[in-house]
Amino acid sequence: MRARWHILVVDDEEAMTESLAAWLREDGYSVETAASGREALEKARAREYAIYFVDLKMPGGLDGIETMMEIRKIQPEASVIIITAYATVDTAITAMKEGAQEYVVKPCHPQEISLLVERIIRVKNLQRENAILRRKLSRQYRFCDLVSKSGRMAEVFDLVREVASQRSTVLIQGESGTGKELVARAIHFSGERGSLPFVAVSCAALAETLLESELFGHERGAFTGAVVQRKGKFEAADGGTVFLDEIGDISPKVQVDLLRVLQERRFSRVGGTTEIAVDVRVIAATHRDLETEVREGRFRDDLFYRLNVINIRLPPLRERREDIPLLAQEFLDRLSHELGRDIGEISDEALRVLMDHDWPGNVRELENAIERAMVTCKTRVLTGEDLAFLRPAPRSPSGLALPAGLTLQELEKEYITATLERAGGNVKETASLLGIDRSTLYDKLRRYEIPRRAS
Amino acid sequence: MSGLLVAPLPSAPAPLLDRLERDLGRAFALPVRRSGPVAEPAGAWSETRGQWSATDFLRALVARLPPPPCRLLGVTEHDLFVPVLSFVFGQAQLHGRAAVVSLARLRPEFHGLPPDDPLLERRAAKEAVHEVGHTFGLVHCLDRACPMSLSIDLPDLDRKTAEPCPSCSALLEGSLEMQRARAQAEVEPR
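First to last, the sequence lines map onto chains A and B. According to my numbering, the first sequence is numbered sequentially starting from 1. According to my numbering, the second sequence is numbered sequentially starting from 1001.
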C-alpha cells in the first residue's frame, strides 16, 4: 500500500540521495531523486509527490528553502522536510516559517526518518479517506441529478417522488439557477413516463409567433418561411412530458392557446385546422411571482390555476447554505472528469469564500464559479486565490462612478453591453455575472437591441 | 548456482555463522554455503564518523558475486553507516543479490551490557533474514513479529522471529517462482 505514495529526495550529494532513497524504498515507498532544486521543480510539475526531502544547502541557483517555496507553489498540500548537515537555530526557524513540515539534521537516527514518514503518511491516508467518505456522503444526498442535504430540499424530493407517477400539472417556482429544470426532469424520469420523451422549451427565448410554432408546430405555408410542415413540442412529447420554462414570460395570445391545450388536451398546428390530441404531462416553471403577475393582470388567472395544481417552490441557495460544500464538491468531481483536470479537493479557505458569497445566480452561479476557478487552478486543491473573483471588488470611497445624464434604462443597456463584452459574448456567463437567468437576459438583449457578439 | 553464500567480512564467529546459515536455509528454503572471507574495501573507513561505509561494503560484495541467481551475504563485526543515517544494522540491494549485516550494535556489550552469545546469534540470524529478504524484493512488513518488519532498535529486533510471516512467505514464494522460471528459460532457449 505504501508504494502508491511517491517521495522525492533532493540533494546535490549523490551518496546522500541514494542512501536515503534506498532506506525509504526498503520501507516500501516509491522514491525518486533529484540532484538540484531545478530538477526537483521539473519533477514536481510532472508528478505529485506526497513528501519532499530537500537538502538545505545546494549549489546552482536554488537553495533548499527556495526550492521548498517553489514546490509549495506547485503543490501546496505536499509535505516538505528540510534536511541539513549544518543545523542552526536560524535556518530551522526560517525553514519552519516558510512551511517546512519538519527539519532533520543528518546523519539522523534511522528511527527518526521512518517514524517521521510514517506519521506524515498516516495523516495523508486519513485525508484521503476523508475525501472518499465525503464523496460517499454526497451520493447519499443525491436524488436523480439533485444534490442536497437541506431539510427544505428533502421536502421537495418527497413531493417529487409523490407526484412523479401522477398526471397532474406541476408549477415549479424559484429564482433563476435554483434547478427548476432538474426538478422537472426528476419528476419525469422517476415516474411512469420516464422512458418516454421529455421535451423542454424555453418560452422566454422565443418571440410570440416563433413560440407558437415551436409549441404547436405549423402547416406548410402558415407563414413566410414555413416551407414544410413541422411538428411542435407538444406532438414530439406525446406520451411524455413538456417542460415549459419561464412560463411567466409568455404572451397573452400563447396563454390562451396553452389554456386550451391544458383543458382539452387538443390543439391545432399554426395555420392548420385539424385538431391533434395528445397525452402530455405539463410541467411549467418560472422565476417570476406568478400570483403578483395574475393580480396585476399580466397573467391569466385561469391558466395560473390550471398550471398550479401541484406547486413546488425551490429555495434560493443562500437559504440552504449547508448545500454549498456538497454542491461544490459535486461540481468539482464532475468538472474534473469533463475538463480532464485532476482537482479533487477544495481548501478550507476556498470553502469560506464560497460560504460567504450570496449567490444571486444560485446553483448555476456556483457551478460557473467552480468551473472558472478550475481553469486557473494550478494544483490538485482549489484555493481561495482561485476564487478571488467572487470577493467583492473594493469600492472607491466616493462609491461607483456613474456617467451623468443617463436614464435607468440607458444605464442598464450600457451595463449589459459592457458585461457581455467582458464575457466575450457568452450569454450564459453574462447572465451569471448579472445575476439573472438567461431568458431574462435574452429578453433584455432583444428589448435594448444589443447584438450578442460585440463587433 | 542457486542458493546463498555467506561470507565473513573479514571475520565473524563460526558458531554465529552456523546458526545464521541454518535460519537462512529455513526461511528461504535454499541451500546456504559458507564462502571464504572478504577483506574490508579500501576507503570504507570514515575517520570523521568513526564507522565503516555500508555502501562501500556492499560494493565490495557486488564485485565478488557468484553467478546468478546465487546471492552473497557479508557478515561483519564493524559498525556500519550510510551517509544520511547515524548507523545501520545492515544494508541490501533491493531486488539485487548482495547484502551485508553488521554485528557491532547487535552485541549487548556495545550498549554496556554483559556479552550474550546466544542472544547475539538470534539477533544476527533475524537481521540476516531481513537483509536477504530485501534482495528478494520484500519491503518492510507491518507484522512486528515478521523478520521483514523494520527494526530501528534492539527491542524491536528482539521481538521479531526469524520466520517470515505468511504474507511475506507468499511474496517470497512468488519471487522464487519467478527466479526458477527465469532459470528454466535460460536452460531451454526458444
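Idealized CB from N, CA, C, for every residue including glycine. Given the structure is predicted, the values throughout are model-derived calculations rather than measurements.
Does any C-beta atom of chain B lie closer than 8 Å to the C-beta of residue i?
| i | result |
| --- | --- |
| A:SER396 | Confidence is the limiting factor: at A:SER396 the pLDDT is only 41, short of 50, which leaves the residue's position unreliable, though a coordinate-based value still follows. Chain B contact via Cβ: absent. |
| A:PRO101 | In the sequence under discussion, the amino acid at residue 101 of chain A is Gln, which differs from the Pro named in the question. Closer than 8 Å: no. |
| A:SER148 | no |
| A:LYS57 | no |
| A:LYS458 | Shown here, chain A extends from 1 to 455; a query on residue 458 of chain A therefore has no answer. |
| A:GLN75 | no |
| A:PRO460 | Outside the shown range of chain A, which is 1 to 455, sits residue 460 of chain A, and nothing can be said about it. |
| A:SER79 | no |
| A:PRO315 | no |
| A:SER114 | yes |
| A:PRO110 | yes |
Distance cutoff 8 Å, beta carbons only. Does residue i sit that close to anything in chain A?
| i | result |
| --- | --- |
| B:PHE1081 | yes |
| B:SER1035 | no |
| B:SER1086 | yes |
| B:ASP1056 | no |
| B:LEU1094 | yes |
| B:HIS1140 | yes |
| B:ASP1117 | no |
| B:LEU1150 | yes |
| B:ASP1143 | no |
| B:ALA1170 | no |
| B:ASP1158 | no |
| B:ASP1153 | yes |
So what does residue i bridge to, in DSSP terms?
| i | result |
| --- | --- |
| A:SER36 | In DSSP, A:SER36 forms no bridge with anything. |
| B:SER1046 | B:GLN1051 |
| B:LEU1073 | B:VAL1006, B:ALA1099 |
| A:HIS218 | A:ARG230, A:VAL270 |
| A:LEU8 | A:GLU32, A:TYR52 |
| A:HIS200 | Checking the sequence shown, residue 200 of chain A turns out to be Ala, not His. BP columns for A:ALA200 point to A:PHE243. |
| B:PHE1081 | B:SER1053 |
| A:LEU171 | A:ALA284, A:ASN311 |
| B:GLN1091 | B:VAL1100 |
| A:GLU410 | Answer by DSSP bridge pairing: none, since A:GLU410 is not bridged. |
| B:VAL1032 | B:LEU1004 |
| A:GLU275 | A:SER268 |
My assumption, with CB atoms under 8 Å, is that residue i sits in contact with residue j. Please give the rounded CB distance.
| i | j | result |
| --- | --- | --- |
| A:GLY240 | A:ARG288 | Rounded, the Cβ-Cβ distance is 26 Å, inconsistent with contact. |
| A:LEU351 | A:TRP359 | Not confirmed; about 14 Å, so no contact. |
| A:CYS144 | A:SER195 | No, A:CYS144 and A:SER195 are not in contact; Cβ-Cβ is about 15 Å, not under 8 Å. |
| A:LEU146 | A:VAL183 | 7 Å |
| B:GLU1131 | B:VAL1100 | 7 Å |
| B:PHE1054 | B:LEU1080 | Before going on, a small fix: residue 1054 of chain B reads as Ala here, not Phe. The pair is a contact, with the Cβ atoms about 4 Å apart (cut-off 8 Å). |
| B:LEU1030 | B:LEU1004 | 6 Å |
| A:SER251 | A:GLU208 | 4 Å |
| A:ASP437 | A:SER176 | 3 Å |
| B:THR1135 | B:GLN1093 | 6 Å |
Closest Cβ-Cβ distance between residue i and chain C: below 8 Å?
| i | result |
| --- | --- |
| A:SER165 | This model lacks chain C altogether, as its protein chains are A and B. |
### Query
Which ranges does the alpha helix (DSSP H) cover as unbroken runs of at least 4 residues, wholly within the stretch 310-394 of chain A, from first to last along the chain?
Counting only runs of 4 or more, we get 324-339, 348-356, 362-376.
### Query
Residues in the stretch 15-41 of chain A with C-beta within 8 Å of chain B's C-beta atoms, listed in sequence order?
If the cut-off is 8 Å between Cβ atoms, the stretch 15-41 of chain A has ALA15, MET16, GLU18, SER19, LEU20, ALA22, TRP23, ARG25, GLU26, ASP27, GLY28 near chain B.
### Task
Enumerate, from N- to C-terminal direction, the unbroken beta strand (DSSP E) stretches of 3 or more residues contained entirely within the stretch 15-93 of chain A.
Correct list: 30-34, 51-55, 79-84.
### Task
Enumerate, from N- to C-terminal direction, the unbroken beta strand (DSSP E) stretches of 3 or more residues contained entirely within the stretch 93-153 of chain A.
Counting only runs of 3 or more, we get 102-105.
### Query
Given a limit of 7 Å on CB to CB distance, which residues of the stretch 354-378 of chain A reach chain B?
Taken residue by residue, none of the stretch 354-378 of chain A has a beta-carbon sitting less than 7 Å from a beta-carbon on chain B.
#### Entry: Contact list for the stretch 1111-1136 of chain B against chain A, Cβ threshold 8 Å
Cβ contacts with chain A: HIS1134.
### Query
What residue ranges within the stretch 1098-1162 of chain B form continuous beta strand (DSSP E) runs of no fewer than 3 residues, ordered along the chain?
As far as the stretch 1098-1162 of chain B is concerned, its whole beta strand (DSSP E) runs of at least 3 residues are 1098-1102.
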